[in-house]
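Reading through the structure tokens given below for one structure.
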Amino acid sequence: MLIDPKTLSPRKMYRLLIDVITPRPIAWVGTVSGQGIPNLAPFSFFNGVAASPPTVVFSASNRRDGTPKDTLRNILVVPEFTVSTVSYSQREEMNATSADLPYEVSEFAHCNLTAVASERIRPPRVQGANVSMECVLHQLVPVGEGPLAATLVIGRIVLVHVDDAVCGAQGELDPGQLDHIGRMGGDGYCRTTDRFAIPRPSEK
Ligand SMILES: Cc1cc2nc3c(=O)[nH]c(=O)nc-3n(C[C@H](O)[C@H](O)[C@H](O)COP(=O)(O)O)c2cc1C
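Quick note: the sequence shown, position 152, residue 152 per the numbering used here, numbers continuous.
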């Protein structure tokens, strides 16, 4: 089968992408409005970009009416955000924060989540997250215009919070304890409990 993107509607192209690009990590992104109202939403077009300088990226798509989501609206005013990770036990709360609430309503309060003040930036992070990263905006990269177009939000990590509960005896992060979930196509998710290791080829 060959698929020419030009023959697909943006909606169908989106479905194809989310079916194919799996599993996707989930960034639970905290922002704050100019009026100080905290906002929280999940984004799975998310990844790390570089370790030096420490950089992450996520993609905020426009709504079907072409308007930007609250997360991007906030970042345009307060150019900072937190990324909290999502574990299996937080799956329902995370999903609840994806509701399209009015701009003035905070998902933290609406979804009974506790917002913890950040140390170096204004937006809060999610209490109970295994790991949260405080980020300052580095660059916004628009990708297209109108419905389902997107903006890449590139951020520099300025502080990382790691819950002691996911650290080993020497105080180091133990990835085996994170129990993160990943996003699949449709309404699907996966867990990270079924793992295997493959050593990298040795370098010459
Ligand atoms: C697991 C999950 C992943 C999501 N990933 C994205 C994404 O990568 N980009 C995006 O624009 N919306 C994504 N969404 C939808 C947004 O979370 C949703 O539109 C939300 O209402 C945006 O909130 P805001 O208007 O407060 O920014 C995702 C939703 C879920 C449940």
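Where a beta carbon is used, it is the ideal one built from N, C-alpha and C, also for glycine. As the structure is a computational prediction, the values presented were derived from the model and not from experiment.
6 Å CB neighbourhood of residue i in its chain, flanking five on each side removed
{"i": "residue 161", "result": "132"}
{"i": "residue 42", "result": "26, 28, 94, 98"}
{"i": "residue 115", "result": "38, 108, 124"}
{"i": "residue 141", "result": "152"}
{"i": "residue 33", "result": "74"}
{"i": "residue 40", "result": "30, 97, 107, 108"}
Residues near residue i in its chain [Cβ-Cβ closer than 8 Å; skip 5 each side]
{"i": "residue 178", "result": "85, 87, 130, 131, 166, 192"}
{"i": "residue 49", "result": "55, 56, 57, 154"}
Distance, residue j Cα to residue i Cα
{"i": "residue 187", "j": "residue 13", "result": "16 Å"}
{"i": "residue 23", "j": "residue 154", "result": "21 Å"}
{"i": "residue 164", "j": "residue 10", "result": "43 Å"}
{"i": "residue 35", "j": "residue 123", "result": "12 Å"}
{"i": "residue 105", "j": "residue 199", "result": "48 Å"}
{"i": "residue 79", "j": "residue 156", "result": "11 Å"}
{"i": "residue 134", "j": "residue 126", "result": "11 Å"}
{"i": "residue 30", "j": "residue 136", "result": "12 Å"}
{"i": "residue 176", "j": "residue 195", "result": "9 Å"}
{"i": "residue 47", "j": "residue 138", "result": "15 Å"}
{"i": "residue 159", "j": "residue 120", "result": "7 Å"}
{"i": "residue 150", "j": "residue 169", "result": "43 Å"}
{"i": "residue 197", "j": "residue 65", "result": "44 Å"}
{"i": "residue 205", "j": "residue 44", "result": "Lying outside 1 to 204, the shown extent of the chain, residue 205 is not represented and no answer is given."}
{"i": "residue 112", "j": "residue 76", "result": "26 Å"}
{"i": "residue 6", "j": "residue 15", "result": "15 Å"}
{"i": "residue 174", "j": "residue 89", "result": "17 Å"}
Range covered by the alpha helix (DSSP H) that runs through residue i
{"i": "residue 16", "result": "10-20"}
{"i": "residue 58", "result": "Unbroken run through residue 58 is the beta strand (DSSP E), 54-61; no alpha helix (DSSP H)."}
{"i": "residue 91", "result": "91-96"}
{"i": "residue 197", "result": "Note, residue 197: premise wrong, no alpha helix (DSSP H); not H, not E."}
{"i": "residue 109", "result": "107-110"}
Counterpart residues of residue i in DSSP-defined beta bridges
{"i": "residue 161", "result": "132"}
{"i": "residue 125", "result": "116"}
{"i": "residue 27", "result": "43"}
{"i": "residue 137", "result": "155"}
{"i": "residue 143", "result": "150"}
{"i": "residue 99", "result": "Paired residue(s): none; residue 99 is not in a bridge."}
{"i": "residue 87", "result": "180"}
Bounding residues of the beta strand (DSSP E) (the contiguous stretch that carries residue i)
{"i": "residue 71", "result": "From DSSP, residue 71 is part of no beta strand (DSSP E) but of the alpha helix (DSSP H) over 70-77."}
{"i": "residue 80", "result": "80-84"}
{"i": "residue 191", "result": "189-191"}
{"i": "residue 37", "result": "Note, residue 37: premise wrong, no beta strand (DSSP E); not H, not E."}
{"i": "residue 182", "result": "181-183"}
Neighbour flag for residue i against chain B, beta carbons, 8 Å
{"i": "residue 182", "result": "In summary, chain B is missing from the structure at hand, where a single protein chain is found."}
Near ligand 2: residue i beta-carbon under 7 Å from a heavy atom
{"i": "residue 81", "result": "The model on display carries ligand 1 but not ligand 2."}
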